[in-house]
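J.:
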Amino acid sequence: MIRGIEFYLDMIFVTAKGWILGLLGRFLPDWMIVLASIVMSSVAILALGPVIMMYLTLLERKLIGRIQNRYGPNRVGKWGLLQPIADGIKMFTKEDIVPANADKIVHLLAPIVIVVPALMVFLVVPFGERMTAVDLNIGLLFFIAISSITILPIFMGSWASRNKYSLLGGMRTAAQLISYEIPMTLAVVPAIMMSQSLSTNTIVLSQTGDYGLRWFIFTPWGIAGFVVFFLCATAECNRPPFDLPEAESELVAGFHTEYSGMKFALFYMAEYMNAFTLCGIAATLYLGGWQGPFLPSWLWFFGKTFLLICVMIWFRGTLPRFRVDQLMGFAWKFLLPLALINILVTALWQFTSHFTAWLGSLLILAVSFWGLVQLNRTFVPEKRRYPLES
Amino acid sequence: MTFGMGVLKGMIVTFKNFAASYLCKRDEGGIFTVQYPEEREKAIENFRNFPFLVYDGTPEKLRCVACGICERECPPKCIYIVMEMDNARKPARKPAVFDVDYGLCMNCGICEEVCPFDSIFMDHDFEVTTLDSRTDLVRHKEALSRSNEYFQKIRPLFASAIDQKRKAAEEKKKTPPQNTGGQALQPPAAQGLP
Amino acid sequence: MKETFNFKNAGNAETLEINFGPQHPSTHGVFRMVVQLNGEKICGLKPVFGYLHRNHEQIAENLPYAAMMPYTDRLDYVNALANNFGYALAIEKLAGLEVPERAEYIRVMMAELARVVNHITVIGFMLNDLGAFFTPLLYAFRERERILDLFEEITGSRLMCNYLRPGGVKRDLTDAHLAAIRAIVTKFPAFLKEFEALLTKNEILCMRCQNIGILPVDAATNAGITGPVLRASGVNYDIRKVDAYSIYNRFDFKIPLGQKGDAYDRYYVRVLEIRESLKILEQALAKIPQGDIVNKKAFPLLKMPRNFKPPVGEAYARIESPKGELGYYLVSDGTPQPWRYHVRAPSLINLTLLEEMCLGQKIADAIIILGSIDIVLGETDR
Amino acid sequence: MTFSIEEVKKELAVRMPDIKLRTIRDSLLIENPENLPRVAVFLKENPAFLLDYLSSVTGADYLNYLESIYHFYSMAKKHGPLVLRVRVPKHSATVPTLVPIYRSAELQEREAYDTFGIVYEGHPDLRRLFMWEGFEGYPLRKDYAQEDSETLETADVSWLEARGVTVPAEMKQKAQELRDSGERALAQKPLKPRN
């Protein structure tokens, strides 16, 4: 079987790893090869995480700058490309301030703990064809379980700081992250139902074919599921308009008010890595993951992920923040029922023929959307009239 | 089903601005910031920053006669003047000390307005940062003196009007030749002193 | 010294007292609120003033009348020209000075431009308080920049204008200046349209602002609240119409009124007021006559009047500053310095009902309510 | 202004003959401060005036007495102003508060208390407004000991000289004399009421 150049481009990382392992295999025992394979994958992830975070901050600042009609960072290096490194140096050299009454151990632990789940989630993200670090058959379950640990370090940090703003921020985080976990998990279910697997790789493979038209997003339940998942993902990684835990205008900096220097940078890093993995999972679940015509698979994956991240940044550049009760209401009264109905729609989809399925599921989703809007009048703006008098 | 349309519209607005920042020029919705040290805004003639003293020709020929009006009228009292005495212990109509504390000055332009000798004007130079605000921001006479050409350069319209006024006043002074002695030296505006 | 705040339910173990300010990102300077919280709900709020106090009124008592003008810029530093206007009116009322036609027109134009600047700035900052990451603020600043450049060209300074004089203005407007103002007036509606598309119908903004911080009409009148905050509650009271000071009776403009008096109404009334201000500017541009810019009889030198001594008496002049009613109370004893100078600061008095407006709301709402009242600490603390 | 000060005076004389009034320029002086709330309520509720809006409350120091000045307007009838004033001696400066009638007086009375030391009796929360608690003196009173800006003290002289400013000898000498006598440079107080 003759393969084109795109196959080799596609497999460039996999082949490289295989080649190195093969080289090592000549003079190392088998168990060392397994170890070496593990080390290589984890080193790649450990390097990828911080680099992604650094350049995400730059990307965010650039994009928001452009949205606001300014350049964004452009002084350090060409197009400001060295800005993240300068920021890193600044963060490293800053004084590490610990409040006098803080619980010092927990205060120190929190930023360390928060990075761990953020990095662990990378394990199940399929970066490309055969490029999942660990192809767990319960990959999604692993992802959901690990990403929900994030609440703990945030709350640790907020509690240990002994600051009232931090405490409020921590309380908000606990409430917000727990609430948004539920619709997010439910929004994952349709994809699992359709692909009949929890493994991220299998989910991607089940979206093969038709030049990308088989992606789950091109179905009614797929759109609904994707929107719900993406909104929840935005809330999960504390991005605007759901950035209540660190609401600058209200709580100064929320849970990391009392953090400075590298500890603060770790919080920051975790936030951006979470944003990346959540967008990656969203792309995997509904946008066909690394599937796509012509280009190498990993390029497709990163392209889709960065597109989603750009949308998150776009949100940040446009939208004001929700209020606590509205945020909760949005999760429990809007996203949760929508996700449940979406599961129903997916179930029906599997049992009906194609045309009626389209019509029926669109109808059900539209009606339920309308019904939910009607039930949640607090989300709907009042119409007002403003008389002009002399 | 208009729910969500407001948010979408807003996002379209921001996207338009995002695109415009690449496509449009500064005045047409493009990037409106100025990259400061390399680019500069065009100088605006009436801009007033800190005061400076004008001399004609050489720095010794300051127009200032140390009358002290600006010192008295300055609202935050940032000007300090001492009249120079000549050998006969008479006022020499020249400042021996003329200090302006830029740390106190609030750029109101009142000294410029009240000066009857067209001597003190507001500068355009705003890059006056120093390391020590206590000592370095107090500018002495030497640092404050600028030539008339400099004044002409930064505020062409205003300076030429001032020059014309001064020329006219000088010619007027020359016309009555019978007026001799110390009185002829008296600048015309000095009679308006309180 | 220990501070005492007479909170109604002090000592309740379930409440938490938090200092919002003086260092806080969204208290608009160094304003401080001591907030008593029950969870996220506010059950007590005491404003604390004075962190920017500089005894403005005593400075005036030691300075000549005209030399006080630059200090009035520093009251409400977002719209210095309106402050100058009020002070100039007070001096003119005290001394019985006439102002030439052209100067009146220039004053009105500058005051209305300042109102436009103030309102868009306030909306931008309010959106920042809401959590929009600087985008509306920077769009507002982009347009404000054009007006500030014009201010710099006309008055010499962008913010601290020091432009008005007793009996006139400092510098004449050239045709180029008038053309620049015309350009701003013609371009501005397009920007407002964009701004409104971004904000007015935005669901999150509506959710956050509607029915928040409702100010009932009776309470507002009784508490002396003025300006857009009062008009958002539906009281038709605009000093430009009521007193018709300067030459405001020559212009045709309307007063936008809100219905509920919540933060959203305050936001939208400001947008509408910008439209009306643009209308006034258009009319003023069409009608502006030629003539003197300073009362020549009183001040023949055209310079800043020194040794200006108004007769013994007192005067209270008020204008519709963008924040509300800005009043200047002057008492003259016939010397060059005023005997008593008092500023009735709208930013301060509009805060009277802050606690009532915030009670029972969430913390986030308190920030918006403060933002929608529109205070400037230079004026509040004086 | 759709009413004259005389009308108000006449109306008040009819309704409340016990209140003594005096016209000063364009304002009414209420001789006995105790009567102020009654007058205010009357003006607020009388349909001819309906002065429902208290624009400004301020104090003034006239050396032998303090004055509290009120500017009333009407939002309902859109007229005004009516200026009321009360005079109180400096040593016992108490004026009844207007807060129960006009809420707008709340912060302004606090301000007048802060700067002039006029005690508004019955004010619900009479604390200093701008100064901190424990501040002594009332800064806007004319006898407030204020450091003089024209006379220098030795500390000022050394400060100025350190900055390279030449201080004239007589100023230095004056500063030294002040220091020797153990006094501070204080502003000259006005010797007599200026109006």
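Protein chains in written order, with this note's numbering: chain W, 52 to 441; chain C, 973 to 1166; chain R, 2 to 383; chain D, 2 to 196.
Ideal Cβ placement from N, Cα and C applies to all residues, glycine included.
With DSSP collapsed to three states, give me the class of Pro-204 of chain W.
T.: If DSSP states are grouped into helix, strand and coil, Pro-204 of chain W belongs with the helices.
J.: Name the DSSP bridge partner or partners of Ala-417 of chain W?
T.: Paired residue(s): none; Ala-417 of chain W is not in a bridge.
J.: Which residues in chain D have a C-beta closer than 7 Å to the C-beta of Gln-59 of chain R? List them in chain order.
T.: Result: Pro-140, Leu-141.
J.: How big is the Cα-Cα spacing for Trp-421 of chain W and Val-396 of chain W?
T.: Between Trp-421 of chain W and Val-396 of chain W, the C-alpha separation is close to 16 Å.
J.: Quick one: what does DSSP say Gly-393 of chain R is sitting in, helix, strand or coil?
T.: Outside the displayed range of chain R (2 to 383) lies residue 393 of chain R, so it cannot be described from this structure.
J.: Which runs of the alpha helix (DSSP H) at least 4 residues long sit entirely within the stretch 1081-1140 of chain C? Give them in chain order.
T.: List check, alpha helix (DSSP H) in window: 1082-1086, 1113-1116, 1120-1126.
J.: Using only the alpha-carbon positions, how far apart do Cys-1087 of chain C and Gly-1040 of chain C sit?
T.: Cys-1087 of chain C and Gly-1040 of chain C: Cα-Cα distance of roughly 9 Å.
J.: To the nearest whole angstrom, what separates the beta carbons of Arg-998 of chain C and Phe-1004 of chain C, a pair I think is in contact under 8 Å?
T.: Right, the Cβ-Cβ distance comes to about 6 Å (below 8 Å), so this counts as a contact.
J.: In this structure, does DSSP put Glu-1010 of chain C in helix, strand or coil?
T.: Coil, per DSSP.
J.: If contacts are defined as beta-carbon pairs under 8 Å, then Arg-117 of chain W and Ser-993 of chain C qualify, I think. What distance do you get, rounded to the angstrom?
T.: Confirmed, about 4 Å.
J.: Would you list, in chain order, the members of the stretch 44-66 of chain D that have their beta-carbon closer than 8 Å to a beta-carbon of chain R?
T.: Answer set for the stretch 44-66 of chain D: Asp-53, Tyr-54, Leu-55, Ser-56, Ser-57, Thr-59, Ala-61, Asp-62.
J.: Helix, strand or coil, according to DSSP, for Leu-219 of chain W in the structure here?
T.: Of the three classes helix, strand and coil, the one that applies to Leu-219 of chain W here is helix, per DSSP.
J.: On the premise that Pro-292 of chain W lies in contact with Pro-371 of chain W, defined as a C-beta separation below 8 Å, what is that separation, rounded to the nearest angstrom?
T.: Sure, about 6 Å apart at Cβ, within 8 Å.
J.: Which residues in chain R sit within 8 Å of Ala-298 of chain W, going by Cβ to Cβ distance?
T.: What Ala-298 of chain W touches in chain R: Gly-132, Ala-365.
J.: What residues from the stretch 198-209 of chain R come within 8 Å of chain W, judged by C-beta to C-beta, listed N to C?
T.: Correct list: Leu-199, Lys-202, Asn-203, Glu-204, Ile-205, Leu-206, Cys-207, Met-208, Arg-209.
J.: Do Glu-232 of chain W and Cys-288 of chain W count as a contact pair if the criterion is CB distance below 8 Å?
T.: No.
J.: For chain W, is any of its Cβ atoms less than 8 Å away from the one on Thr-1102 of chain C?
T.: So no, Thr-1102 of chain C is outside the interface.
J.: Any C-beta of chain W within less than 8 Å: which residues of the stretch 986-1016 of chain C qualify?
T.: The residues in question are Thr-986, Phe-987, Asn-989, Phe-990, Ala-992, Ser-993, Tyr-994, Gly-1001, Gly-1002, Ile-1003, Phe-1004, Thr-1005, Gln-1007.
J.: Leaving aside the five residues before and after Leu-387 of chain W along the sequence, list all residues of the same chain whose C-beta is less than 8 Å from its C-beta, in chain order.
T.: Excluding residues within five positions, the ones whose Cβ falls inside 8 Å are Ile-233, Pro-234, Leu-237.
J.: Taking a contact to mean a Cβ-Cβ separation below 8 Å, would you say Gly-481 of chain W touches Ile-136 of chain W in this structure?
T.: There is simply no residue 481 of chain W to check, as chain W begins at 52 and stops at 441 in what is shown.
J.: In chain order, what residues of the stretch 356-381 of chain W put their CB closer than 8 Å to some CB of chain R?
T.: Answer set for the stretch 356-381 of chain W: Arg-367, Gly-368, Thr-369, Leu-370, Pro-371, Arg-372, Phe-373, Arg-374, Val-375, Asp-376, Gln-377.
J.: Going by C-alpha to C-alpha distance, which of D:Leu-130, D:Thr-155, D:Pro-18, D:Ser-69 sits closest to Thr-98 of chain D?
T.: Comparing Cα-Cα distances from Thr-98 of chain D to each of D:Leu-130, D:Thr-155, D:Pro-18, D:Ser-69, the minimum goes to D:Ser-69.
J.: Count the other CB atoms, across all protein chains shown, that sit within 10 Å of the CB of Lys-298 of chain R; report buried if there are 16 or more and exposed otherwise.
T.: Exposed, since its Cβ has fewer than 16 Cβ neighbours within 10 Å.
J.: Do the stretch 180-197 of chain W and the stretch 248-266 of chain W touch if we need at least three Cβ pairs shorter than 8 Å?
T.: Yes: the two stretches touch, three or more of their Cβ pairs being nearer than 8 Å.
J.: For the structure I just gave you, are there three or more beta carbon pairs, one from the stretch 323-333 of chain R and one from the stretch 56-63 of chain D, closer than 8 Å?
T.: Judged by Cβ distances under 8 Å, the stretch 323-333 of chain R makes contact with the stretch 56-63 of chain D, as three or more pairs qualify.
J.: Would you mind reading off the limits of the alpha helix (DSSP H) that contains Pro-137 of chain R?
T.: First-last of the alpha helix (DSSP H) with Pro-137 of chain R: 136-156.
J.: For Met-983 of chain C, decide whether its Cβ has a neighbour in chain W, counting only Cβ atoms nearer than 8 Å.
T.: True, the Cβ-Cβ gap to chain W drops below 8 Å.
J.: In chain E, which residues lie with their C-beta within 7 Å of the C-beta of Thr-222 of chain R?
T.: Going by chain labels, chain E is absent from the structure shown, which instead holds the protein chains W, C, R and D.
J.: Please report the straight-line C-alpha distance between Leu-1076 of chain C and Ala-1068 of chain C, rounded to a whole angstrom.
T.: For Leu-1076 of chain C and Ala-1068 of chain C, the distance between alpha carbons rounds to 21 Å.
J.: Please report how far the alpha carbon of Asp-1058 of chain C lies from the alpha carbon of Glu-1043 of chain C, in whole angstroms.
T.: Rounded to the nearest angstrom, the two C-alpha atoms are 22 Å apart.
J.: Would you list the residues sitting across from Ile-1051 of chain C in a DSSP beta bridge?
T.: Answer is C:Val-1072, bridged to Ile-1051 of chain C.
J.: Quick check on the burial criterion: 16 or more other C-beta atoms within 10 angstroms. Buried or exposed for Met-17 of chain D?
T.: Classification of Met-17 of chain D: exposed, given that the 10 Å Cβ count is below 16.
J.: State the DSSP-derived secondary structure class of Cys-361 of chain W, mapped to helix, strand or coil.
T.: Three-state DSSP puts Cys-361 of chain W in a helix.
J.: Whose C-alpha, out of R:Pro-26, R:Phe-21, R:Gln-362, is nearest the C-alpha of Met-127 of chain R?
T.: Considering only alpha carbons, the answer is R:Pro-26.
J.: Would the C-beta of Arg-290 of chain W count as close to the ligand MG, meaning under 7 Å from any of its heavy atoms?
T.: The ligand MG is absent from the structure shown, which contains no ligand whatsoever.
J.: What's the gap between the Cα of Glu-274 of chain R and the Cα of Arg-159 of chain R?
T.: The straight-line gap from Cα to Cα measures roughly 22 Å.
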